[in-house]
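> This structure is in C-alpha cells; I'll ask about it shortly.
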Amino acid sequence: MNWDDETDTGTAAERLVAPAADGEDTAVEAALRPKDLSEFVGQEKVRQQLDLVLKAARQRGATADHVLLSGAPGLGKTTLSMIIAAEMGAPIRITSGPAIQHAGDLAAILSSLQEGEVLFLDEIHRMSRPAEEMLYMAMEDFRVDVIVGKGPGATAIPLELPPFTLVGATTRAGLLPPPLRDRFGFTAHMEFYEPAELQRVIHRSAGLLDVEIDTAGAAEIAGRSRGTPRIANRLLRRVRDYAQVRADGVITREIAAAALGVYEVDSRGLDRLDRAVLEALLKLFGGGPVGLSTLAVAVGEERETVEEVAEPFLVREGLLARTPRGRVATPAAWAHLGLVPPGPAAPGSGQQGLFGP
Ligand code: ADP
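Next up, the structure:
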C-alpha cells in the first residue's frame, strides 16, 4: 500500500528512511502496533484528549464522534484508528481516498458498515469530489442519497446508515475543504516524536521482536529515525540483522552506529540522497543561494525528487532554507558535514559581480 505521494519517485521508494510503508513494513507492522492507548508511546496531548472522547462515548453508550488525524506518514495514524476501534469494542474497515474514485464506491462501503463500526479513511484529501460530498451527509445525518439512473430521469434514493465513526487521516489538515474539516468532532495533529519517545518505541519493538538492546543502542537508533516510529522500527530491524550476522546479536551503541553506517544513514538520520544534496550545495555552490534545478542536476536527480523527498527533512532539521533567491545552507549544515563556510568575498574578487543580486 502506498501511503504518500512523496515516495512515488524513483530512488525515494527504496530509501531506508522513507516515511511511507514498504512491503516488509506492511508485513511486520501488525505485530509491532500498540493495541491500546496505554501502549501508544508519546503524543501525550492527543492521547489524553482521545481517551476522554472515547470514555465519554462509552459511558453514553454512543458511537464515538468522527476523528480527524493529521500528520506525516509513519507517525501512528493507522495505529490510532485501530486503537479507537479496539477501545470502542468495534470492528474497523480500512480504506483510502485514492481507492474511492466514484461516489458509488463510497456508498457501497458506507451501506455495508455495521452499527458503531470505525471507518478509517487514509489520505482523505485525495478522495474525488462527488464522494466527498456524499461523505458530508453521511457524517452528519448518517444518510446517503444513492442516485439511480442517468440524466433528467435520475432519482435520488435516500438510504439510512447505521451510526459509525469516521477516522480520517491526512498529511495536512489544511488540504481538506472546510466543510469536511468542520464535520469532525475531534481533530488531532500528530507531531514528530522526540528522541526519548522513539527510544521507548524501539525498546518496546525490540522486546516484541525478541532482540536484546541496551539503552545506548536504542538511543543511537532513535537519533537517526527522523522523529518517525515507522523509520525507528525499520532501522531497528536492519540493525538487528547486522548484530546477528556480524556480532553476538546484542544491539549496543557501537553495533547500531556501525550497522547504520553500512546503510548510509548518518548520525542525524540523513541518508545518501540528503547528504548528496547538502554536499553539492556546500561544496559546489559555496552554500548557495542556488536554484533548485541546478542543485538537482548537480546530484543527478529529478527536480521533484530533491524538492519533495530530500528537502522537507533538511528544512525541518534546520540544515537548508528555501529562499526566493534559491536554496541556502545554514551554519548547521556546514557543521554537520564538518566543513568550514567560506569567509566574506574579498572586495574586487569578482564574486559579488557574478553571484550577487
Ligand atoms: P501512519 O498511519 O501515520 O502512516 P502507522 O500507524 O502505520 O503510521 O505507524 C507506523 C508504525 O509505527 C506502526 O508499525 C506502529 O507500530 C509504529 N508506531 C506508530 N506510532 C507509534 C507509537 N506512538 N508508539 C509505538 N509505535 C508506534
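So that you can map any letter, position 325 of the sequence shown is 325 in full-length UniProt numbering, and since no number is skipped, the others follow by simple counting.
Just so you know, even glycine gets a beta-carbon here, dropped at the ideal spot from N, CA and C.
(1) For Met82 and Pro331, I'd like the C-alpha separation in whole angstroms.
(2) Drop a sphere of 10 angstroms on the beta-carbon of Ile213, count the other beta-carbons inside from all chains shown, and report buried for 16 or more, exposed for fewer.
(3) Ignore the nearest five residues each way along the sequence and tell me which others in Leu110's own chain have a CB closer than 7 Å to its CB.
(4) How about Ala280 and Leu270: are their beta carbons less than 8 Å apart?
(5) Just how far apart, CA to CA, sit Leu278 and Val297?
(6) Run the CB neighbour count on Pro19, radius 10 Å, all protein chains shown included, and call it buried at 16 or more, exposed below.
(7) Please report the Cβ distance between His125 and Gly97, rounded to the nearest whole angstrom; I am assuming they are in contact, meaning their Cβ atoms lie under 8 Å.
(8) Return the chain-ordered list of same chain residues with a C-beta closer than 8 Å to the C-beta of Thr170, the five sequence neighbours on each side being excluded.
(9) Should Glu32 and Ser205 be called a contact, given that it needs their Cβ atoms to be closer than 8 Å?
(10) So if DSSP puts Ala156 in a beta bridge, which residue, or which two residues, is it bridged to?
(11) Looking at Ala243: is its Cβ nearer than 8 Å to the Cβ of Ile231?
(12) At a cut-off of 7 Å, would you count Gly185 as near ligand 1, judging by its Cβ distance to the nearest heavy atom?
(13) To the nearest angstrom, report how far apart Ile84 and Ala27 are at their CA atoms.
(14) For the 8 Å Cβ check, are there 3 or more pairs between the segment 185-194 and the segment 52-68?
(15) Return the CA-CA distance between Glu304 and Leu282, expressed in angstroms with no decimal places.
(16) Taking only heavy atoms of ligand 1 into account, decide whether any of them is closer than 7 Å to the Cβ of residue 362.
(17) Using a Cβ-based criterion (distance less than 7 Å to any ligand heavy atom), does Thr79 qualify as near ligand 1?
(18) If we ignore side chains and look at the alpha-carbon of each, how far apart do Ala259 and Ala21 end up?
(19) Could you check where the beta strand (DSSP E) with Ala329 kicks off and where it finishes?
(20) Return yes when at least one heavy atom of ligand 1 lies under 7 Å from the C-beta of Leu119, else no.
(21) Would residue 360 and Gly288 be called neighbours here (beta carbons separated by less than 8 Å)?
(22) Can you say whether Ser349 is buried or exposed, counting buried as having 16 or more other CB atoms within 10 angstroms of its CB?
(23) Going by the beta-carbon positions, is the gap between Val201 and Val340 smaller than 8 Å?
(24) Cβ of Gln199 versus every heavy atom of ligand 1: is any distance shorter than 7 Å?
(25) Which word fits Arg275, buried or exposed, when buried means at least 16 other C-beta atoms lie within 10 angstroms of its C-beta?
(26) Using the Cα positions of Asp51 and Ala62, report the straight-line distance between them to the nearest angstrom.
In brief:
(1) Along the sequence shown, read from residue 1 onward, the residue named residue 82 stands at position 82. Along the sequence shown, read from residue 1 onward, the residue named residue 331 stands at position 331. The straight-line gap from Cα to Cα measures roughly 42 Å.
(2) In the sequence shown, the residue the question calls residue 213 occupies position 213. The residue is buried, with at least 16 neighbouring Cβ atoms inside 10 Å.
(3) Stepping through the sequence shown from its first residue, residue 110 is reached at position 110. Ala138, Val144, Leu161, listed in sequence order.
(4) Against the sequence shown, residue 280 aligns to sequence position 280. Against the sequence shown, residue 270 aligns to sequence position 270. No; because the gap between Cβ atoms is not below 8 Å, this pair is not in contact.
(5) Here residue 278 refers to the residue found at position 278 when the sequence shown is read from its first residue. Here residue 297 refers to the residue found at position 297 when the sequence shown is read from its first residue. About 13 Å.
(6) Taking the sequence shown and counting its residues from 1, the one referred to as residue 19 is at position 19. Pro19 comes out buried.
(7) Here residue 125 is taken as the residue at index 125 of the sequence shown, counted from 1. Here residue 97 is taken as the residue at index 97 of the sequence shown, counted from 1. Contact flag correct, Cβ pair sits at about 6 Å.
(8) Within the sequence shown, numbered from 1, the residue matching residue 170 stands at position 170. Closer than 8 Å at Cβ, skipping near neighbours: Leu68, Leu69, Ser70, Glu123, Ile124, His125, Leu176.
(9) The residue given as residue 32 occupies position 32 in the sequence shown. The residue given as residue 205 occupies position 205 in the sequence shown. In the sequence on display, residue 32 carries Leu and not Glu. Result yes, Cβ atoms of Leu32 and Ser205 sit closer than 8 Å.
(10) Here residue 156 corresponds to residue number 156 of the sequence shown, with the count starting at 1. Answer is Ile147, bridged to Ala156.
(11) One-based indexing of the sequence shown puts residue 243 at position 243. One-based indexing of the sequence shown puts residue 231 at position 231. Result no, Cβ atoms of Ala243 and Ile231 do not sit closer than 8 Å.
(12) One-based indexing of the sequence shown puts residue 185 at position 185. Result no, Cβ not under 7 Å from ligand 1.
(13) Here the question's residue 84 lines up with position 84 in the sequence shown. Here the question's residue 27 lines up with position 27 in the sequence shown. So the alpha carbons of these two residues sit roughly 22 Å apart.
(14) yes
(15) On the sequence shown, position 304 is the one that residue 304 refers to. On the sequence shown, position 282 is the one that residue 282 refers to. Going from the Cα of Glu304 to the Cα of Leu282 covers about 20 Å.
(16) Because the chain spans 1 through 357 in this model, residue 362 falls outside it and cannot be assessed.
(17) Against the sequence shown, residue 79 aligns to sequence position 79. True, at least one ligand heavy atom lies under 7 Å from that Cβ.
(18) Residue numbering aside, residue 259 sits at position 259 when the sequence shown is read from its first letter. Residue numbering aside, residue 21 sits at position 21 when the sequence shown is read from its first letter. The straight-line gap from Cα to Cα measures roughly 21 Å.
(19) Position 329 of the sequence shown holds residue 329. Run containing Ala329: 326-329, per the beta strand (DSSP E) assignment.
(20) The residue given as residue 119 occupies position 119 in the sequence shown. Outside the cutoff, so no.
(21) The structure shown has nothing for residue 360, since the chain only spans 1 to 357.
(22) Numbered from 1 along the sequence shown, position 349 holds the residue referred to as residue 349. Any reading at Ser349 must be qualified, since the residue scores a pLDDT of 47, below 50, and its modelled position is unreliable; no value is offered.
(23) As a position in the sequence shown, residue 201 is number 201, starting the count at 1. As a position in the sequence shown, residue 340 is number 340, starting the count at 1. Taking 8 Å as the Cβ cut-off, Val201 and Val340 do not qualify as a contacting pair.
(24) In the sequence shown, the residue the question calls residue 199 occupies position 199. No - ligand 1 has no heavy atom lying nearer than 7 Å to the Cβ of Gln199.
(25) In the sequence shown, residue 275 corresponds to position 275, counting from 1. Burial call: buried.
(26) The residue given as residue 51 occupies position 51 in the sequence shown. The residue given as residue 62 occupies position 62 in the sequence shown. Those two C-alpha atoms are separated by around 15 Å.
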